[in-house]
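Below: the structure, in structure tokens.
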Amino acid sequence: MEKQKTSGRTKKGTGAYSNITIKKETATRFRTYSKKFNKSHSEVLDGMIQYFKENNLDPFGEGTKIILESIKKLERQMMKKFDRIIAIIKNMEKTSIRPTYEMMLILYEAYVKDGKRPRRESVKIQQEQKDFLAPRNTVPKVEHDRMLKEFKDYKKRCNEILKSVEKVEPMMGKPYLKINMGIGDFESLKYQLK
Numbered sequence: 173m174e175k176q177k178t179s180g181r182t183k184k185g186t187g188a189y190s191n192i193t194i195k196k197e198t199a200t201r202f203r204t205y206s207k208k209f210n211k212s213h214s215e216v217l218d219g220m221i222q223y224f225k226e227n228n229l230d231p232f233g234e235g236t237k238i239i240l241e242s243i244k245k246l247e248r249q250m251m252k253k254f255d256r257i258i259a260i261i262k263n264m265e266k267t268s269i270r271p272t273y274e275m276m277l278i279l280y281e282a283y284v285k286d287g288k289r290p291r292r293e294s295v296k297i298q299q300e301q302k303d304f305l306a307p308r309n310t311v312p313k314v315e316h317d318r319m320l321k322e323f324k325d326y327k328k329r330c331n332e333i334l335k336s337v338e339k340v341e342p343m344m345g346k347p348y349l350k351i352n353m354g355i356g357d358f359e360s361l362k363y364q365l366k
């Protein structure tokens, strides 16, 4: 087979080929296997070699045994988890679903034996009151009084802070306001405003 050259380089996918002698049965098996992937034989063989290298597997050694053992271990763990889930479901069935079902069955049987059908009561439609002066969203008096007290306390605290503010006029720059307050008072105020 000839290489296709363009300006001294080979085109992608058309490299040098080499022959490998393998048994006819093995070659047939490999061809049918590589057809599954819709790739060339070289790409499939490359992928297989890469897989063995990345997973540190030896097709003739302990690698396959390790994989099989890990799969079996995972299978055992999954079966234990399935057993736990089944036990939980059975417990739920015993403790909650079954008793509820039996209670509903008893109630249904009592209803059927009674033979009486429940009377349907007519629905009374209330007429909407058209009193626009009545307050719609009201707050209980206790809540209102508490809110007023909190507001008065807040107002008192703000006045105390305003009294501790003084104007500072530096030699250079713009005048600014300074609050004379201790760090503890400042932290307390921050906590209260959260």
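Residue numbering for the sequence shown follows the working numbering, beginning at 173 and increasing consecutively. The C-beta atom is built at its ideal place from N, Cα and C for all residues, glycine as well. For clarity, every value in this text was computed on a predicted model and none was experimentally measured.
CB-CB length for residue i against residue j, believed under 8 Å
i: K328; j: V340; result: 25 Å between Cβ atoms; not a contact.
i: E332; j: N352; result: Going by Cβ atoms, the distance from E332 to N352 rounds to 11 Å, so no, they are not a contact pair.
i: F224; j: V216; result: The pair is not a contact, with the Cβ atoms about 13 Å apart (cut-off 8 Å).
C-alpha gap between residue i and residue j, whole angstroms
i: P271; j: M264; result: 10 Å
i: K346; j: E359; result: 28 Å
i: M314; j: L361; result: Here residue 314 is Val; the residue named in the question, Met, does not match the sequence. One C-alpha to the other measures close to 26 Å.
i: P231; j: K252; result: 31 Å
i: L394; j: I269; result: Past the boundaries of the shown model lies residue 394; the chain is included only from 173 to 366, so the question cannot be answered.
i: S242; j: S206; result: 27 Å
i: N228; j: L246; result: 20 Å
i: R201; j: T193; result: 14 Å
i: N191; j: T236; result: 29 Å
i: E322; j: I355; result: 24 Å
i: E281; j: H316; result: 54 Å
i: K195; j: H213; result: 16 Å
i: V312; j: C330; result: Note on identity: in this sequence residue 312 is Pro, with Val being the wrong assignment. Answer to the nearest angstrom: the Cα atoms are 27 Å apart.
i: L277; j: K266; result: 16 Å
i: R203; j: D255; result: 44 Å
i: R248; j: Q222; result: 30 Å
i: M250; j: T198; result: 37 Å
i: Y326; j: Y348; result: 25 Å
i: E274; j: I257; result: 24 Å
i: I260; j: D218; result: 48 Å
i: K285; j: R318; result: 58 Å
i: M220; j: E234; result: 17 Å
i: Q364; j: D357; result: 10 Å
Endpoints, the alpha helix (DSSP H) within which residue i is located
i: K348; result: Sequence inspection shows Tyr at residue 348; the Lys mentioned does not correspond to that position. That residue, Y348, is in no alpha helix (DSSP H); its beta strand (DSSP E) goes Y348 to I351.
i: D357; result: I355 to L365
i: G219; result: H213 to E226
i: Y205; result: K196 to K207
Residue i at chain D interface by Cβ criterion, 7 Å
i: Y223; result: Included in the structure is just one protein chain, with no chain D present.
Strand pairing of residue i, partner residues [DSSP]
i: K335; result: DSSP lists no partner for K335.
i: V340; result: Y348
beta-carbon residue i near the ligand HEM non-hydrogen atom, thresh 6 Å
i: E359; result: Annotation note on the ligand HEM: not contained in the displayed structure, which lists no ligands.
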